[in-house]
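Below is one structure, written out as structure tokens; the observations come after it.
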Amino acid sequence: MSETPTRARADLPTVEAGTRAYWDAAKAGKLLIARCRACGKVHHYPRPFCPSCWSDEVEAIEASGRGTLYTYSTVYVNDLHPFKERLPYIAAMVELEEGPRLMTNIEGCDPADLSVGMAVEVDFRPLTEEFDAIVFRPAATR
Ligand code: ZN
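For what it's worth, my numbering labels the leading residue of the sequence shown as 135, then goes sequentially.
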């Protein structure tokens, strides 16, 4: 068997020209989504065209960071570094109040306290000097 090639960390994004601004914004504590100037719809993840009307007149806008828990699963087994060191963790899909859904993690709470439809808000967990993970936490109650 040949030696395993060095791989990038599995929890870091592959950055392309069109996604650099998104990750830089996350590092600065902002969640960006995209809005189409042609049809007005918003989408996420970042793309150079609108998935509704195919216009390339898309612009980045800052999301409110508020959303609801659409679905989730508590992960107890994952042998892949660095996830193995984070077990158990909550993999989730959050629906932003602007409409788009994104895959993320829910942090800062016990899995037993989660319920579908609950209010969550974005947070940013440092991964490296360059990247923050975009995660969500239960929304602060007022
Ligand atoms: Zn459009």
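Yeah, the Cβ is synthetic: ideal placement off N, Cα and C, and Gly gets one too.
*Would you call the CB atoms of Arg-171 and Glu-193 closer than 8 angstroms?*
As a first step, residue 171 must be located in the sequence shown, where it is residue number 37. As a first step, residue 193 must be located in the sequence shown, where it is residue number 59. Cβ atoms of Arg-171 and Glu-193: closer than 8 angstroms.
*Keeping to the same chain, check which residues put their C-beta closer than 6 angstroms to that of His-178; ignore five residues upstream and five downstream.*
Taking the sequence shown and counting its residues from 1, one reaches residue 178 at position 44. Excluding sequence neighbours, His-178 sits near Ile-167, Pro-234 and Leu-236.
*Where does Tyr-206 land, buried or exposed, given buried means 16+ other C-beta within 10 angstroms?*
Your numbering for residue 206 matches position 72 in the sequence shown. Buried.
*Quick one: complete alpha helix (DSSP H) runs, 4+ long, within the stretch 138 to 214?*
154 to 161
*Does the ligand ZN have a heavy atom nearer than 7 angstroms to the CB of Lys-164?*
Within the sequence shown, residue 164 is the residue found at index 30, counting from 1. Incorrect: Lys-164 has no Cβ contact closer than 7 angstroms to the ligand ZN.
*asked:* Mapping the DSSP letters down to three states, classify Arg-271 as helix, strand or coil.
replied: Counting from one through the sequence shown, the residue named residue 271 turns up at place 137. Strand.
*Name the one or two DSSP bridge partners that Phe-258 has.*
If you number the sequence shown from 1, residue 258 lands on position 124. Answer by DSSP bridge pairing, in chain order: Ile-268.
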